[in-house]
Amino acid sequence: MTTDQIILFSLFGLVFTMLLWGRFRYDLVAFVALLAGLVLGVVPKEAAFSGFGHPATIIVALVLVVSRGLVVSGAVEMLTGKLIDAGRSLSAHIAVMAGLGGALSAVMNNVAALALLMPVDLNAAAKAERSPGLTLMPLAFATILGGLVTLIGTPPNIIVAQFRDRALGSPYHMFDFAPVGLACAVVGIAFVALVGWRLIPQDKNAGNAVKELFDVKGYISELVVGEKSKPVGMKVSELDEVAIETDTEILGLVRGGQRMAGLARRVEIQAGDILVVEAKPDALDQFASKLKLEFQGEEKHRSAEGGGMNLMEVVVPRDARIAGRSAMSMRLLYRHGVTLLGVSRSGKRFSESLRKLTIRPGDVLLLLGPEERLSNVVEWLGVLPLAERDLQITRSDRAWPAIALFAGAVALASFGLLYLPVALAIVVAAYVAFDIVPIRQVYDHIEWPVVVLLGSMIPLGAALETAGGTALIGKGIVSLTEGYGPTVTLTLLMIVTMTLSDVLNNTATTVVAAPIAVDIAGRMGTNADPFLMAVAVAASCAFLTPIGHKNNTLILGPGGYAFGDYWRMGLPLELIVVAVAVPMILLVWPF
């Protein structure tokens, strides 16, 4: 080996060791390795930060913003609301959630798809009084599998597509991954839904995880009936179906500032009425979104700040400024631009208007307002924020524009009429222009550690390829399978890549494995596409550990899993993926 190869292999060895150790965050490890490569002269200075402008890095960042837009606009909730039923049997619930998770992951980032569906699954587990550990792992694995289907579903597909452009002159397009990815996803999700979930340890007690996540009692809240709200002309009793579906209880109706007698069950709802409900934050948002109801002060917030409202849960200590006073007396909305959206008082109910309610120590308040104002008002009120739960309100009136913009961009990119990064950038710009994703929140939803990881690893991977390091690895794999034919070599490459991805970040694995795939194809005199497809599938399918894929990590705590629980369903699933992927690759992308 040359000196440059020794240095680069040592750097990659240190990176992999540090990632396995987990003491330092992966983006810091990768960036320090890049700096070391520059100082040692193995990465040319003109390529120092080329990875941050690489199309793969840009696409990953844009996809995360687009995914957020689809969530906050209510586009995804429209689908989940119609398909999710907590009353289903366990096996039917897993099948529906896994299928839905796989489908969503094909059109949005798979981490975002899981983040969206995980609260739904946890809520269903709480209602059914079962451990979420029985359903979260199947859901996580299904979202990983769904990401195999399209270019934007998972970062490894994006990296492989862009590497093909550099190595072979043209990238993969949106649905080039679909034949192989769809076959793996369908078979894999079928296994997860029918058999895999039964392999999860049944004796774990993860009930506490659900209780911790849902430990706040429902908030008493007030929702305004607007001119375009669905309940106009309906009786209060006719809202029961939506209330049951969203786990919301309707407590009464306020008209002209007066609470109507009883629960006002037979009263016909008019524009300007206020519905008094009890619900948890997520359920409150779903109920309001489905019926197109408005939060108190919502329009004031939007006109003043150009969108970007956040929800925050706070608890009132004895010495808080608001203790013993009401939101109205403190002019919380008109002076400070923050709405008291709900109050939780140990399950107790009250008849006063929220604005006039005297706040007591120990109350938990749900506040709505712009992020900057919320932080200042919380400090001024002397209240204490609860653990952040990323609470947002859904903009249901933006659902169809969000879907139309995204579908149009995908269509233009799929037919080659527009370069994919440009198409996604136009969607992001349109989302901001139409207030689907408020401009102040655009950067909040880009996963910057992943951007730094990609931006740092891409120059290192290119340097390893230039120095001949990938050629050495490719030669080793070819030597091991010499005399057995390219199919065995392809299978071995998949197994090696999948194993690396199980213990490392999947993006880092792809950066290293993609050049090896092209080198192996060159040595064997075959088409490089089968080997690149093998890397794309294998790098994404990390099912053995909680550290191989971010979706596995996300469910570790809420599901109450141990490190060794993943392989029970993950190992047979990986074997199934290899068994399905290899013949499909040979069929669609022959040597």
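According to UniProt numbering, the stretch in the sequence shown is residues 1 to 591, in order.
Just so you know, even glycine gets a beta-carbon here, dropped at the ideal spot from N, CA and C.
Asked                                                                                                                      : Found
Rounded separation between G181 and H173 - CA only                                                                         : 13 Å
Segments assigned alpha helix (DSSP H), at least 4 residues, entirely inside the UniProt domain "RCK C-terminal" (208–293) : 240–245 and 281–291
Residues near S491 by beta carbon distance below 7 Å, same chain, minus five either side                                   : Checking the sequence shown, residue 491 turns out to be Thr, not Ser. Contacts found: V578 and V582.
Extent of the continuous alpha helix (DSSP H) run through P530                                                             : D529 to S540
Residue from V410, L472 and P370 with nearest C-alpha to Q441                                                              : P370
Identity of the residues DSSP links to F295 by a beta bridge                                                               : L223
Member of E222, L104 and E245 whose CA lies at the smallest distance from the CA of L340                                   : E222
Whole-angstrom distance between A562 and Y26, CA atom to CA atom                                                           : 22 Å
K475 versus I520 - alpha carbon distance                                                                                   : 7 Å
Cβ contact check for the stretch 312–331 and the stretch 355–367: 3 or more pairs under 8 Å                                : yes
Counted within 10 angstroms of its Cβ, other Cβ atoms place V39 as buried (16 or more) or exposed                          : exposed
Beta-carbon proximity check, Q5 vs L472, cutoff 8 Å                                                                        : yes
Residues of its chain near L251, where Cβ-Cβ distance is below 8 Å and the 5 sequence neighbours each way are ignored      : I220, L263, V276, V277, E278 and R349
Continuous beta strand (DSSP E) stretch holding S344: start and end                                                        : T339 to S344
Integer Cβ distance of T143 from G101, believed to fall under 8 Å                                                          : 4 Å
Burial state of K228 (16 or more Cβ within 10 Å)                                                                           : exposed
Nearest-angstrom Cα separation, counted from E129 out to P201                                                              : 17 Å
G369: first and last residue of the uninterrupted beta strand (DSSP E) it sits in                                          : V364 to P370
Per-residue DSSP class, three states only, for residue 646                                                                 : Because the chain in this structure spans residues 1 to 591, residue 646 falls outside the shown range and cannot be described.
Beta carbon of L454 nearer than 8 Å to that of A56                                                                         : yes
Own chain, CB closer than 7 Å to A399, minus 5 neighbours either side, in chain order                                      : S73, G74, A75 and M78
The alpha helix (DSSP H) enclosing E129, as first and last residue numbers                                                 : Segment: none, E129 is in no alpha helix (DSSP H) and carries neither H nor E.
Sufficient close CB pairs (3 or more, under 8 Å) joining the stretch 453–467 to the stretch 482–501                        : no
Helix, strand or coil at P546 [DSSP, three-state]                                                                          : coil
Check whether V225 and V267 have beta carbons under 8 Å apart                                                              : no
Candidates R68, V43, F12 and V29: closest to I439 by CA position                                                           : R68
Run of the alpha helix (DSSP H) containing P201, from where it starts to where it stops                                    : Here P201 belongs to no alpha helix (DSSP H), and DSSP marks it neither H nor E.
Cβ-based burial, V15 [other Cβ within 10 Å; buried from 16]                                                                : buried
Complete alpha helix (DSSP H) runs within the stretch 90–162 (minimum length 4 residues, chain order)                      : 90–107, 110–128 and 136–146
Burial state of D319 (16 or more Cβ within 10 Å)                                                                           : exposed
Euclidean distance between Cα positions of A304 and D397                                                                   : With a pLDDT of 45 at A304, under the threshold of 50, the modelled position of that residue is not reliable, and the figure given next carries that caveat. Answer to the nearest angstrom: the Cα atoms are 19 Å apart.
Cβ-Cβ distance between L544 and G570 below 8 Å                                                                             : yes
Per DSSP, the bridge partner or partners of G385                                                                           : Reading the sequence as shown, one finds Pro at residue 385 and not Gly. Answer by DSSP bridge pairing, in chain order: V314.
Classification of Q258 by the beta-carbon crowding that lies within 10 angstroms, buried from 16 upward                    : exposed
Distance between beta carbons of G53 and P138, contact taken as under 8 Å                                                  : Not a contact, Cβ separation roughly 38 Å.
As assigned by DSSP and simplified to three states, the class of A433                                                      : helix
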